[in-house]
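Undergrad:
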Amino acid sequence: MSEPLLEMAGVTKSFGGNCVLSAIDLTLYPHEVHALVGENGAGKSTLMKILNGVYTMDSGSVRLGGTDLRITSPHDARKAGISMIFQEQILANDLTVAENIFLGMEPVRPSGLLDNRKLISDAQEVLKRHNFPIAATARVGNLTRAERQLVEIARALATAARIIVMDEPTAVLSQKESQELFRIIAELKAKGLAIVYISHRMEEIERLADRVTILRDGKRVFTGESNTIDAAGIIRQMVGRNIEELYPPLPEPAPEIVLEVRGLACRKTHGAEYRDISFDLHRGEILGFAGLVGAGRTDVARGIFGLDPPTAGSISLRGKPVAFSSTGEAIGAGIGYLTEDRKGVGILPDMSVTQNISIAALSSMSSGPVLNLAEETRRCGELINKLNIKARSSSMPIGRLSGGNQQKALLARWLFAGSSVLLLDEPTQGVDLGTRAEIYLLMREIVANGGSILMISSDLPELLGMSHRIAVMRRGELVAMLPAVGATQEQVMQHAA
Ligand SMILES: Nc1ncnc2c1ncn2[C@@H]1O[C@H](COP(=O)(O)OP(=O)(O)OP(=O)(O)O)[C@@H](O)[C@H]1O
Ligand SMILES: [Mg+2]
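In my numbering, the protein residues as written are 914 to 1410.
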């Protein structure tokens, strides 16, 4: 092998006395994709945030091209040719796409003033080179989550010279966009960059990684060539057990219709819109929603939940027409919505894990029984155990949990509220494999107990494995409804693309 590009040695980090990384070594070579894997909370993001100057390590060293490097801010990291696509999106919503891509390194004229024309044309160039269908002048706040992710990627690509860290970059991308990203990764690798790739998706690791490092509870338990370990071996090392069957068999749904949607439409001034959406959701059914990013799936869910009320059409819940103009009304009627936008509208970062879990039930119980605090804590504790939510204490702010653990706490919110119709938008996004299996078991339990689930997912195996039927949306329209049994990924993609 050639000379190492980067050497991290003995990296140790504690938060408030809690050791989350102990003496981690990581070496990166040019022309390599290095997968960094581990369960939720294992320390992957923290290690990479140290490399990117977001956190300072307590001890350890970083050497770049043979010389010691002190990185105290993300700006230092970018100057050293290191950039990162963060797991939680960090873009400024009020700025344009171009301004975000070059934030902190905007082109200036000789006079020292911002060269706006060059800013836009440089951004257009980056977007076009990577086939990202986004306008450089669009405001980031008006983009969908997946589009924002493409901007994050463009931002990292625009400045990365040597090392690029991707922290679950495909979590919000559809298959098509993920393929595009994989093509870009191959190009970067050929150019001699080193890529650190964090993902919970084994097929991505198998496809992309040259080497793999596995973290478990803040310790490095394996580093090696990817062809020396298979997916089962990786899972065993990170989880400490085998996972035999990911998708449990589902019980048959009842004929009774719980949610009836007819001719639903929404016209918006910006973003995706949808029209003429009609479907039934049965008692005990999991109805999958497939489609490319921007097809309008999230907008439909938001419409049903009263976040962006639809402009036409009707919704009936158990035979009664409903039109929610607020989420409180929807929650009160027994609907729960697990958002894909965890950071934007999902978590209340400064509130405790317990408060985040119980909050939806509180609003629906405002006229009901007085909340028993001990009971609240007990039931939350049960869910925290069941979903294996790793938190030092249930009273710590949820914003300090790892990404996957925040996701689990959001799911716990709707389980706590006991919603009978759950709209799950990318429910396993960023969740590790062991917990993913747990979530699927919970979904089965929910429908076996008479609940109904509408599941939006960009993960086709998950849609095929965990739905009774699959609705496919394309550009705001519902174009197909397939029984999941017997359907193939190719079939679904054909309808979606
Ligand atoms: N700012 C912080 N304050 C306190 N604890 C933190 C902070 N950031 C991370 N932690 C803790 O450090 C541990 C490792 O978190 P990290 O985000 O690195 O996990 P991860 O491997 O990236 O997990 P995931 O797959 O869920 O994203 C977790 O226990 C988390 O709660
Ligand atoms: Mg993480």
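Yeah, the Cβ is synthetic: ideal placement off N, Cα and C, and Gly gets one too.
Within 10 Å of its beta-carbon, does T1211 have 16 or more other beta-carbons around it, so buried, or fewer, so exposed?
TA: In the sequence shown, residue 1211 corresponds to position 298, counting from 1. Under this definition T1211 is a buried residue.
Undergrad: Roughly how many whole angstroms lie between the Cα atoms of E1001 and S1091?
TA: What you label residue 1001 is simply residue 88 of the sequence shown in a count that begins at 1. What you label residue 1091 is simply residue 178 of the sequence shown in a count that begins at 1. When rounded, the distance between both Cα atoms is 17 Å.
Undergrad: Buried or exposed: which applies to S927, given that a residue is buried once 16 or more other Cβ atoms fall within 10 Å of its Cβ?
TA: Numbered from its first residue, the sequence shown carries residue 927 at position 14. Per the 10 Å Cβ criterion, exposed.
Undergrad: In this structure, does DSSP put N1155 in helix, strand or coil?
TA: Counting from one through the sequence shown, the residue named residue 1155 turns up at place 242. N1155: coil per DSSP, three-state reduction.
Undergrad: Can you name the residues that DSSP bridges to V946?
TA: On the sequence shown, residue 946 is found 33 positions in, with the first residue counted as 1. V946 is bridged to I1108.
Undergrad: Would DSSP call G1219 helix, strand or coil?
TA: Here residue 1219 is taken as the residue at index 306 of the sequence shown, counted from 1. Coil.
Undergrad: Three or more beta-carbon pairs under 8 Å between the region 934-949 and the region 1123-1139, yes or no?
TA: Judged by Cβ distances under 8 Å, the region 934-949 makes contact with the region 1123-1139, as three or more pairs qualify.
Undergrad: Using the three-state DSSP reduction, which class does H1043 fall into: helix, strand or coil?
TA: Within the sequence shown, residue 1043 is the residue found at index 130, counting from 1. DSSP places H1043 in coil when its eight states are reduced to three.
Undergrad: Looking only at DSSP bridge pairs, what is H1113 linked to?
TA: In the sequence shown, the residue the question calls residue 1113 occupies position 200. Bridge partners of H1113: none, in fact.
Undergrad: Express the C-alpha separation of I1270 and A1287 in angstroms, rounding to a whole number.
TA: Here residue 1287 is taken as the residue at index 374 of the sequence shown, counted from 1. Here residue 1270 is taken as the residue at index 357 of the sequence shown, counted from 1. Each residue's Cα considered, the two are about 14 Å apart.
Undergrad: Where do the N-terminal and C-terminal ends of the beta strand (DSSP E) with T940 fall, by residue?
TA: On the sequence shown, residue 940 is found 27 positions in, with the first residue counted as 1. N931 to L941 is the span of the beta strand (DSSP E), which, as asked, contains T940.
Undergrad: Looking at the secondary structure, which residues open and close the beta strand (DSSP E) in which R1382 lies?
TA: Sequence index remark: in the sequence shown, residue 1382 carries index 469 (1-based). Start and end: R1382 to R1387.
Undergrad: Using CA atoms only, rank isn't needed, just tell me which of L1121, K1102 and K1104 is closest to S1111.
TA: The residue you call residue 1111 lines up with position 198 of the sequence shown. One point to set straight first is that residue 1111 is Ile, not Ser, in the sequence displayed. Nearest of L1121, K1102 and K1104 to I1111, Cα basis: L1121.
Undergrad: Under 7 Å, do N931 and R1305 count as touching if we go by C-beta distance?
TA: The residue you call residue 931 lines up with position 18 of the sequence shown. The residue you call residue 1305 lines up with position 392 of the sequence shown. In this structure, R1305 lies closer than 7 Å to N931 by Cβ.
Undergrad: Classify G1343 as helix, strand or coil using the three-state DSSP reduction.
TA: Indexing the sequence shown from 1 puts residue 1343 at position 430. If DSSP states are grouped into helix, strand and coil, G1343 belongs with coil.
Undergrad: Given a threshold of 16 other Cβ atoms within 10 Å of its Cβ, counted over all protein chains shown, does D1372 qualify as buried or as exposed?
TA: Numbered from 1 along the sequence shown, position 459 holds the residue referred to as residue 1372. Per the 10 Å Cβ criterion, buried.
Undergrad: Based on Cα-Cα distance, which residue from M1386, E1253, G1316 and G1241 lies nearest to A1273?
TA: As a first step, residue 1273 is located in the sequence shown; it is residue number 360 there, counting from the start. Selected option, being the one with the closest Cα: G1241.
Undergrad: Between R983 and D1254, which are expected to be in contact by the criterion C-beta below 8 Å, what is the C-beta distance as a whole number of angstroms?
TA: Reading the sequence shown from its first residue, position 70 is the one you call residue 983. Reading the sequence shown from its first residue, position 341 is the one you call residue 1254. Not quite, the Cβ-Cβ distance comes to about 36 Å (not below 8 Å), so this is no contact.
Undergrad: For M1368, report the span of its beta strand (DSSP E) as first-last.
TA: In the sequence shown, residue 1368 corresponds to position 455, counting from 1. Per DSSP, M1368 belongs to the beta strand (DSSP E) from S1365 to I1369.
Undergrad: Where does T1009 fall in DSSP's three states?
TA: What you label residue 1009 is simply residue 96 of the sequence shown in a count that begins at 1. T1009 falls in the strand class under three-state DSSP.
Undergrad: Under the DSSP definition of a beta bridge, which residues are partnered with Y1160?
TA: Stepping through the sequence shown from its first residue, residue 1160 is reached at position 247. DSSP, once it has assigned bridges, lists no residue as partnering Y1160.
Undergrad: Between which two residues does the beta strand (DSSP E) carrying E1001 extend?
TA: The residue given as residue 1001 occupies position 88 in the sequence shown. No beta strand (DSSP E) holds E1001; DSSP gives it neither H nor E.
Undergrad: Checking the sheet assignment: what are the DSSP bridge partners for M1079?
TA: Residue numbering aside, residue 1079 sits at position 166 when the sequence shown is read from its first letter. Note: M1079 sits in a beta bridge opposite I998 and Y1110.
Undergrad: For V1360, does the count of other Cβ atoms within 10 angstroms reach 16, so buried, or fall short, so exposed?
TA: Position 447 of the sequence shown, counted from the start, is the residue given in the question as residue 1360. Label assigned to V1360: buried.
Undergrad: I need the straight-line Cα distance from E1117 to S974, nearest angstrom please.
TA: As a working note, residue 1117 is residue 204 in the sequence shown. As a working note, residue 974 is residue 61 in the sequence shown. Going from the Cα of E1117 to the Cα of S974 covers about 30 Å.
Undergrad: Within the present structure, is the beta-carbon of K1102 separated from the nearest heavy atom of ligand 2 by less than 6 Å?
TA: On the sequence shown, residue 1102 is found 189 positions in, with the first residue counted as 1. The answer is no for K1102.
Undergrad: Buried or exposed: L1261, going by 16 or more other Cβ atoms within 10 Å of its Cβ?
TA: Counting from 1 along the sequence shown, the entry for residue 1261 is found at position 348. So L1261 counts as exposed.
Undergrad: Reducing DSSP to helix, strand and coil, say where S1271 ends up.
TA: Stepping through the sequence shown from its first residue, residue 1271 is reached at position 358. If DSSP states are grouped into helix, strand and coil, S1271 belongs with the helices.
Undergrad: Quick one: any contact between the region 962-977 and the region 1008-1025, if contact means 3 or more CB pairs under 8 Å?
TA: As far as the Cβ criterion goes, the region 962-977 does not touch the region 1008-1025, which means the pair count is below three.
Undergrad: For Y1160, which residues from the same chain have a beta carbon less than 7 Å from its beta carbon, with the 5 sequence-adjacent residues on both sides left out?
TA: Along the sequence shown, read from residue 1 onward, the residue named residue 1160 stands at position 247. Cβ within range, chain order: Y1353, G1378 and M1379.
Undergrad: Please check the pair T1252 and G1259, which I expect to be a contact at CB under 8 Å, by giving their CB distance rounded to whole angstroms.
TA: Here residue 1252 corresponds to residue number 339 of the sequence shown, with the count starting at 1. Here residue 1259 corresponds to residue number 346 of the sequence shown, with the count starting at 1. About 5 Å; that satisfies the 8 Å criterion.
Undergrad: Am I right that N965 and I998 are in contact with their C-beta atoms under 8 Å? What's the rounded C-beta distance?
TA: Indexing the sequence shown from 1 puts residue 965 at position 52. Indexing the sequence shown from 1 puts residue 998 at position 85. So it is not a contact: roughly 10 Å between Cβ atoms.
Undergrad: Label M1386 either buried or exposed according to how many other C-beta atoms from any shown protein chain fall within 10 Å of its C-beta, with 16 as the threshold for buried.
TA: Here residue 1386 is taken as the residue at index 473 of the sequence shown, counted from 1. By the 10 Å Cβ count, M1386 comes out buried.
Undergrad: Going by other Cβ atoms of all chains shown within 10 Å of its Cβ, with 16 needed for buried, is S1238 buried or exposed?
TA: Position 325 of the sequence shown, counted from the first residue, corresponds to residue 1238. Counting Cβ neighbours within 10 Å, S1238 comes out exposed, since fewer than 16 surround it.
Undergrad: Thinking R1382 and A1393 are a contact (beta carbons under 8 Å), I'd like their distance in whole angstroms, please.
TA: One-based indexing of the sequence shown puts residue 1382 at position 469. One-based indexing of the sequence shown puts residue 1393 at position 480. Actually they are not in contact, since the Cβ atoms of R1382 and A1393 sit about 10 Å apart, beyond 8 Å.
Undergrad: Does ligand 4 have a heavy atom nearer than 6 Å to the CB of G1312?
TA: As for ligand 4, it is missing from this structure, which binds only ligand 1 and ligand 2.
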